[in-house]
Structure formats: structure tokens, C-alpha cells
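As C-alpha cells, the structure follows; a few thoughts come after it.
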Amino acid sequence: MAKFSQDFLSHEDSGTLSNFILMSEDFYNVTTTCLIDDFRKIKLEKADNFIYLMSYIIKVMHDIATQYKIITDENHKKTLRGCINLMIRTFPILFEDKDLMMRCMWREQALFSN
0 MAKFSQDFLS HEDSGTLSNF ILMSEDFYNV TTTCLIDDFR KIKLEKADNF
50 IYLMSYIIKV MHDIATQYKI ITDENHKKTL RGCINLMIRT FPILFEDKDL
100 MMRCMWREQA LFSN
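Note that numbering that gives the first Met the number 0 has the sequence shown beginning at 0, numbered continuously upward.
Here is the structure:
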């Protein structure tokens, strides 16, 4: 979590983000170690990182859903569970800030275009 509020995220950080998503597969772990205030802090200090994280989560979910008709790989299941757990944690922040939500939507479109 500290990396997200210190350094700007980019495509080079996809390995770090993928590991973060996999570690977030355990709902109890996510809800006790990554508090919503931690994500609010990231939003305040590095809003671009928060937006990048949300867009990355949605892109990972989209990629898995479109590339596999039936998801049987355990690693993909863990990744999807991690994405959902992180979205549960971060969605309230999007609804608190309309401008941030719009920026996330624009960023998401940019990721899907690449």
C-alpha cells in the first residue's frame, strides 16, 4: 500500500499490481489490512494511482472474462476474487467523488484502447 501513495504507477508496475490482486484474494485479509481510509489516503496523495489501480482491476477482470469461456484455472479464479474484493473496498470512494469516477472511466477507456 505504501508504494501506491509514494510512486506513480505505470505499465512497468503490472507485476506489482498483479501480486497485490492475488494477495487480495482472501476477503478477510483485504478487509483487515487494507482499510478504506488507506485507499482514501492514496486518493488524496496520488489520485492518479488510485485511478490506475481501479482501471487495472477492471482490465484484468475483462481480459480473463473475454479470453476464457469457462474459467477453470485456479490462478484466474484467485485473480478474479482478488479483483472483486478490491472493488468492494474501493467503490465507496468512487461514489464520494464524482470527478474521480469520471477520471477512472476515461482511464479505463484508454487502457482498453491499448
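By construction, the Cβ of each residue, glycine as well, lies at the ideal position given by its N, Cα and C atoms. On a predicted model such as this, the values are computed, not experimentally measured, just so you know.
Q.
Using the three-state DSSP reduction, which class does I57 fall into: helix, strand or coil?
A. What you label residue 57 is simply residue 58 of the sequence shown in a count that begins at 1. In the structure shown, I57 sits in a helix (DSSP, three-state: H, G or I).
Q) Can you give, in chain order, each stretch of the alpha helix (DSSP H) that sits fully within the region 12-70 and has at least 4 residues? A) 13-22, 26-32, 35-44, 46-66
(Q) Within 10 Å of its beta-carbon, does M101 have 16 or more other beta-carbons around it, so buried, or fewer, so exposed? (A) Against the sequence shown, residue 101 aligns to sequence position 102. It counts as exposed.
(Q) At the level of alpha carbons, what is the spacing between D96 and D72? (A) Residue 96 sits at position 97 when you count from the first residue of the sequence shown. Residue 72 sits at position 73 when you count from the first residue of the sequence shown. Cα to Cα, D96 sits roughly 36 Å from D72.
Q | Helix, strand or coil at F7 [DSSP, three-state] | A | For the purposes of this step, residue 7 is taken as residue 8 along the sequence shown, with counting starting at 1. Coil.
Q | Under the three-state DSSP convention, the category M100 falls into | A | Taking the sequence shown and counting its residues from 1, one reaches residue 100 at position 101. Here M100 sits in helix by DSSP.
Q) Going by other Cβ atoms of all chains shown within 10 Å of its Cβ, with 16 needed for buried, is E44 buried or exposed? A) Reading the sequence shown from its first residue, position 45 is the one you call residue 44. E44 should be labelled exposed.
Q | Rounded separation between F49 and T30 - CA only | A | Position 50 of the sequence shown holds residue 49. Position 31 of the sequence shown holds residue 30. Their backbone Cα atoms lie some 17 Å apart in a straight line.
Q. Just reading off the alpha helix (DSSP H) that M0 is part of, what are its end residues?
A. Along the sequence shown, one-based indexing puts residue 0 at 1. Per DSSP, M0 belongs to no alpha helix (DSSP H) and is neither H nor E.
**Q.** Sequence-distant residues of the same chain with beta carbon closer than 8 Å to H139, five excluded per side
**A.** Lying before the first or after the last residue shown, residue 139 is absent from the chain, which here runs from 0 to 113.
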